[in-house]
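Counting from 0, one number per residue, gives the positions in the sequence shown under numbering that gives the first Met the number 0. The structure under discussion appears below in the form of structure tokens.
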Amino acid sequence: MDIGYTAAQLRTAAVDAVRAPSLHNTQPWRLRLRDGGIEVLADPSRRLPATDPSGWGVRIACGAALFNLRIALAVAGIPARVRLRPDPAEPDLLARLVPDLPRRPTPTEQSLYAAMPRRFSNRQPFWPDPVPADARWRLGEAAHAEQCWLELLIGVSAVSAFGELARSAHRVLERDPAYRAERERWLRREPTPDGVPSSAGGPQGEPQDVLPTRAYGGRDRAPGRDFEPEPLVGVLGSVGNTAVDQVIAGQALQRLLLTATDAGLSVSMLSQPIEVPAAREQLRLSLGRFGTPQMVLRIGYGQPGRPTPRRGVDEVLDLPVAQT
0 MDIGYTAAQL
10 RTAAVDAVRA
20 PSLHNTQPWR
30 LRLRDGGIEV
40 LADPSRRLPA
50 TDPSGWGVRI
60 ACGAALFNLR
70 IALAVAGIPA
80 RVRLRPDPAE
90 PDLLARLVPD
100 LPRRPTPTEQ
110 SLYAAMPRRF
120 SNRQPFWPDP
130 VPADARWRLG
140 EAAHAEQCWL
150 ELLIGVSAVS
160 AFGELARSAH
170 RVLERDPAYR
180 AERERWLRRE
190 PTPDGVPSSA
200 GGPQGEPQDV
210 LPTRAYGGRD
220 RAPGRDFEPE
230 PLVGVLGSVG
240 NTAVDQVIAG
250 QALQRLLLTA
260 TDAGLSVSML
270 SQPIEVPAAR
280 EQLRLSLGRF
290 GTPQMVLRIG
300 YGQPGRPTPR
310 RGVDEVLDLP
320 VAQT
């Protein structure tokens, strides 16, 4: 067994870790090499006080980055053993990875790794083609593999009921001037290494839409035209809602997103019903599931999504001075 990871190994794996999604593309993570272990830390300077006052979104994003790290290291033949929240005295330290026994990557790990550079959030309308049963099964298995659950809402009545809840949560959030101002600060009309480019925003929402959309500066639509009549909606949930549960859910989210990409599916995320506590509880009760909803996903077939910018790897790494 290796003594520890090297700076070169971290730097290589970090290229994949930073592909993870995050609220408003804030990229709220740091990666540190300490005593031969790779550590994933939340970056409090990139938390969204109005949108994410509890830090839930930061931990979900860091969990997604952690999953990418795990897969990248496994494909490199240097898989990791992971300990979550290893030091209670350092709450921003979310995970520590140390080398496990070397082995060949599994076919699943190779497929997930190959999907990383092709995974983009797609906020455009999806085609009417239904998601087949075998693809839906794969998505559920991806969530289960990371100790989470996925509930798919299929059919007009189930999606409409959820849509009403989601639109209500969206209206609650939009009434907060600080929330709107924060979103505007992360909307990018010029090239930058973070935030959401207006070109990636998707069409503007309309009152008749089944699901709400954030105002990221997308194109206007013809009045009265439907966005999607019957999208496939998935709710990803975890057993609990502690900080550790949220990091676990972030890993499950990324495995699910990469599995969807590998299956040729497009996905976008709707977190408004999660960001409003009353709506999240109402969603949990409506599903009749044990545990806590952590993310809502819109799933289907569509044109390839567009990449959003990423900061350079050196901006997120903390390396020992002698190894930089």
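Where a beta carbon is used, it is the ideal one built from N, C-alpha and C, also for glycine.
Cβ-Cβ distance between residue i and residue j below 8 Å
i	j	result
I59	G249	yes
L138	L149	yes
R297	S270	no
R18	R309	yes
R69	D99	no
G304	P192	no
Y4	W126	no
P230	V158	yes
G236	R288	yes
T307	P129	no
G54	A41	yes
V74	G36	no
One or two residues paired with residue i in a DSSP bridge
i	result
E150	V234
S120	V266
E38	R31, R95
M294	L235
L186	V195
D317	R31
Classification of residue i by the beta-carbon crowding that lies within 10 angstroms, buried from 16 upward
i	result
R188	exposed
I2	exposed
Q26	buried
L92	buried
P124	buried
A7	exposed
Q146	exposed
L284	exposed
Q302	exposed
T260	buried
A12	buried
A88	exposed
P272	buried
V155	exposed
E38	buried
G56	buried
S120	buried
E183	exposed
As assigned by DSSP and simplified to three states, the class of residue i
i	result
V155	helix
P196	strand
M0	Unreliable positioning characterises M0 in this predicted model, as indicated by a pLDDT of 44, which lies under 50. The coordinate reading is nonetheless provided below. M0 falls in the coil class under three-state DSSP.
A75	coil
R80	strand
D175	coil
G223	Confidence is the limiting factor: at G223 the pLDDT is only 48, short of 50, which leaves the residue's position unreliable, though a coordinate-based value still follows. G223 falls in the coil class under three-state DSSP.
G139	helix
G299	strand
R163	A small correction: the amino acid at residue 163 is Glu; Arg does not occupy that position in the sequence shown. The answer is helix: DSSP assigns E163 an H, G or I state.
T5	coil
L111	helix
G54	coil
L47	coil
F125	coil
L100	coil
L210	coil
G285	The sequence shown places Ser at residue 285, not Gly. In the structure shown, S285 sits in a helix (DSSP, three-state: H, G or I).
G304	coil
R279	helix
N240	coil
T25	coil
E274	helix
P105	Per the sequence presented here, residue 105 reads as Thr, with Pro not at that position. The answer is coil: DSSP assigns T105 none of H, G, I, E or B.
Interface flag, residue i vs chain B, CB-CB below 8 Å
i	result
L9	No chain B is part of this structure, which consists of one protein chain only.
Touch test, the region 43–50 against the region 15–28, Cβ-Cβ under 8 Å, three pairs minimum: Judged by Cβ distances under 8 Å, the region 43–50 makes contact with the region 15–28, as three or more pairs qualify.
For the pair the region 77–88 and the region 235–247, tell me if three or more CB-CB distances fall below 8 Å. Below 8 Å, enough C-beta pairs join the region 77–88 and the region 235–247 to call them touching: three or more.
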